[in-house]
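Asker: Sequential numbering from 127 applies to the sequence shown in my numbering. Idealized CB from N, CA, C, for every residue including glycine. These numbers were taken from a predicted model, which means no experiment stands behind them. One structure is given below, represented as structure tokens, and several questions about it will come after.
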Amino acid sequence: MKNKISILFLLIAVCCIGCKEDDESLSIDFGYDYAPLNVGDYFIYQIDSIHYDDFANRVDTFQFQLKEVIDSSYELLGGETGYRIERYQRSHSSQDWKIKNVWVAYKTVSQFVRIEENQSIVQLVFPIAEDLKWDINHKNNLDAVTAEITKIQSNFNNGVLSFDSTITVTLQDEENLIEKRFKAVNYSKEYGLVYRKFQDLRTEVNGKIVRGIDYTLYLIEKGKE
């Protein structure tokens with residue numbers, strides 16, 4: 127009788143442990159909110175670009191705004207739900223928007239992909255984790271580019287807006303006495319892309335920039351159309 131009772135308690139304990147493990151697996155945050163895709167959402171970005179030209183001995187600054195609208199959704203050939211993103215551009219806020227191009231984005235269980243200029247680029251992989259690495263070009267024929275989640279943080283400010291939960295994805299970070307190459311993006315939960323920095327600069331030993339580009343993109347508005 128005692129043996130039967132012991133076996134019964136053992137079975138109950140195993141079931142409880144199994145249920146606990148299932149509950150924990152269900153509560154895992156994969157990070158899908160870092161890449162929101164909702165029809166009707168729009169995002170407005172400010173873009174500042176500085177071009178250094180040592181040959182012409184000049185520095186040019188370009189500023190404009192980019193608007194992305196998730197216009198509609200439809201089924202892709204692979205069965206995923208694709209989201210049509212209309213992209214508009216204007217020089218400043220007093221101008222009307224002009225259509226620039228149309229891209230497509232979709233999510234799978236393990237990836238967030240944007241089809242840009244007919245090239246599928248893997249923007250994120252899930253579940254989100256620090257030090258996670260992947261080749262953003264493994265779905266196309268371009269040269270491999272390794273992305274890495276280098277920081278999971280809160281309280282990020284892009285210069286205009288503040289965000290509670292963000293990640294930093296670094297694609298390049300190289301610097302020596304005469305060169306600096308840096309490329310990174312920040313994603314925020316419920317907002318997606320909120321900041322992008324790209325630098326490809328040639329410098330003198332004293333740090334003076336003589337040639338290259340310094341590009342910054344940052345989210346200034348999100349809304350619903």
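What number of angstroms, rounded off, separates the C-alpha of GLN191 from the C-alpha of ASP257?
Answerer: Taking the straight line from one Cα to the other gives about 32 angstroms.
Asker: From the DSSP output, in three-state form, read off TYR158 for me.
Answerer: Helix, per DSSP.
Asker: So the beta strand (DSSP E) GLY338 belongs to, where does it begin and stop?
Answerer: Start and end: 335 to 350.
Asker: How many Å lie between GLU150 and GLN237 at the Cα?
Answerer: Low confidence applies here, because GLU150 scores a pLDDT of 47, under 50, leaving its location unreliable; read the following figure in that light. GLU150 and GLN237: Cα-Cα distance of roughly 22 angstroms.
Asker: Could you check whether TRP229 and THR248 sit closer than 8 angstroms to each other, using their CB atoms as the reference points?
Answerer: Checking the displayed sequence, the identity of residue 248 turns out to be Val instead of Thr. Against a cut-off of 8 angstroms, the Cβ pair of TRP229 and VAL248 comes out as no contact.
Asker: Tell me whether the beta-carbon of TYR160 lies closer than 8 angstroms to the beta-carbon of LEU345.
Answerer: No, the Cβ-Cβ distance between TYR160 and LEU345 is not below 8 angstroms.
Asker: Tell me where the beta strand (DSSP E) around ILE247 begins and ends.
Answerer: 245 to 251 is the span of the beta strand (DSSP E), which, as asked, contains ILE247.
Asker: Taking only runs of the beta strand (DSSP E) that begin and end inside the stretch 278 to 342, which ones reach a length of at least 3 residues, in chain order?
Answerer: Runs found: 292 to 301, 305 to 314, 318 to 329.
Asker: Pull up the DSSP beta-bridge partners for GLU194, would you.
Answerer: Answer by DSSP bridge pairing, in chain order: PHE169, ARG213.
Asker: Could you tell me which of LEU203, ALA270, ILE196 sits nearest to ARG352, measuring between CA atoms?
Answerer: Outside the shown range of the chain (127 to 351) lies residue 352, about which nothing can therefore be said.
Asker: Evaluate GLY208 with the Cβ neighbour count: other Cβ atoms within 10 Å of its Cβ, from every protein chain shown; 16 or more gives buried, anything less gives exposed.
Answerer: With 16 or more other Cβ atoms within 10 Å, it is buried.
Asker: Around the Cβ of ALA182, are there at least 16 other Cβ atoms within 10 angstroms (buried) or fewer (exposed)?
Answerer: Its Cβ having fewer than 16 others within 10 Å, ALA182 is exposed.
Asker: Give the straight-line distance between the Cα atoms of VAL271 and ARG322, rounded to the nearest whole angstrom.
Answerer: Rounded to the nearest angstrom, the two C-alpha atoms are 16 angstroms apart.
Asker: Let's test the definition: count the other Cβ atoms within 10 Å of the Cβ of GLY157 and tell me whether it reaches 16, buried, or not, exposed.
Answerer: Result: buried.
Asker: VAL185 and ILE173 - do their beta-carbons sit closer together than 8 angstroms?
Answerer: No, these two residues do not count as a Cβ contact at 8 angstroms.
Asker: Helix or strand or just coil, what does DSSP make of TRP223?
Answerer: Three-state DSSP puts TRP223 in coil, outside helix and strand.
Asker: Applying the 10 Å Cβ sphere with the 16-neighbour rule, what's the burial state of THR292?
Answerer: Per the 10 Å Cβ criterion, buried.
Asker: Would GLY318 be called buried (16 or more neighbouring beta carbons within 10 Å of its own) or exposed?
Answerer: So GLY318 counts as buried.
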